[in-house]
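Residue numbers (our numbering): 30 to 183.
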């Protein structure tokens with residue numbers, strides 16, 4: 030069973046400014062600081078924020094997951110797209126065979142951009158009921174936290 034969900038936000042900063050956060054490890058720092066309801070700890074296992082970077086994420090007790098490792102599979106500065114895939118733990122322990130998150134920063138107006146988050150997942154048929162646990166909410170909350178950070182900074 031395959032599923033997908035997406036959401037987007039307008040941010041009142043140029044796309045180039047938003048990508049300075051989204052395209053780097055600073056986004057993880059903002060998420061850990063601003064969203065204790067989701068994240069207990071986010072550690073870099075390997076890499077510098079580019080493709081191939083691996084994060085070890087420990088979730089807060091109310092988040093519904095304990096931990097997972099994610100790998101940045103795409104960090105495209107030109108297209109302003111970052112893709113992450115869960116490579117260990119998390120949803121993979123619940124019968125999911127694939128779980129990807131994509132973050133995009135889209136040029137809008139001179140001092141405005143659109144940030145878009147998308148999740149894609151595949152779950153084995155015998156675990157299809159677990160698909161209801163797949164949620165875009167953490168990525169939406171990260172987008173909101175990043176927007177607040179960026180708009181205060183300007």
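C-beta: ideal position from N, C-alpha, C; glycine also. All values reported here derive from a predicted model rather than from experimental measurement.
Can you check whether the CB of residue 70 is closer than 8 Å to the CB of residue 87? Counted from its first residue, the chain shown places residue 87 at position 58. Counted from its first residue, the chain shown places residue 70 at position 41. Their beta carbons are under 8 Å apart, which means residue 87 touches residue 70 by this criterion.
Taking just the CA atoms, how far does residue 108 sit from residue 127? Sequence index remark: in the chain shown, residue 127 carries index 98 (1-based). Sequence index remark: in the chain shown, residue 108 carries index 79 (1-based). Between residue 127 and residue 108, the C-alpha separation is close to 24 Å.
Flag this pair as touching only if the stretch 150-168 and the stretch 43-52 have three or more C-beta atom pairs under 8 Å; answer yes or no. no
Between which two residues does the beta strand (DSSP E) holding residue 35 run? For the purposes of this step, residue 35 is identified with residue 6 of the chain shown, where counting begins at 1. Counting along the chain, the beta strand (DSSP E) containing residue 35 begins and ends at 31-40.
What are the uninterrupted segments assigned as alpha helix (DSSP H) that are 4 or more residues long and contained completely in the stretch 85-170, given in chain order? none
Residue 73 bridges to which residues according to DSSP? Here residue 73 is taken as the residue at index 44 of the chain shown, counted from 1. Looking at the DSSP assignment, residue 73 forms a beta bridge with 84.
Cutting at 8 Å between CB atoms, please list the residues of its own chain near residue 77, excluding the five before and the five after it. Here residue 77 corresponds to residue number 48 of the chain shown, with the count starting at 1. The residues are 54.
Determine the direct distance from the alpha carbon of residue 129 to that of residue 32, and round the result to whole angstroms. On the chain shown, position 3 is the one that residue 32 refers to. On the chain shown, position 100 is the one that residue 129 refers to. Approximately 11 Å between the Cα atoms of the pair.
Between residue 146 and residue 169, is the Cβ-Cβ spacing less than 8 Å? Numbered from its first residue, the chain shown carries residue 146 at position 117. Numbered from its first residue, the chain shown carries residue 169 at position 140. Yes, Cβ-Cβ distance for residue 146 and residue 169 is below 8 Å.
Look at the alpha carbon of residue 93 and the alpha carbon of residue 74, and state the distance between them as a whole number of angstroms. Sequence index remark: in the chain shown, residue 93 carries index 64 (1-based). Sequence index remark: in the chain shown, residue 74 carries index 45 (1-based). Rounded to the nearest angstrom, the two C-alpha atoms are 23 Å apart.
CA nearest to the CA of residue 159, picked from 142, 150 and 167: What you label residue 159 is simply residue 130 of the chain shown in a count that begins at 1. Nearest option by C-alpha distance: 150.
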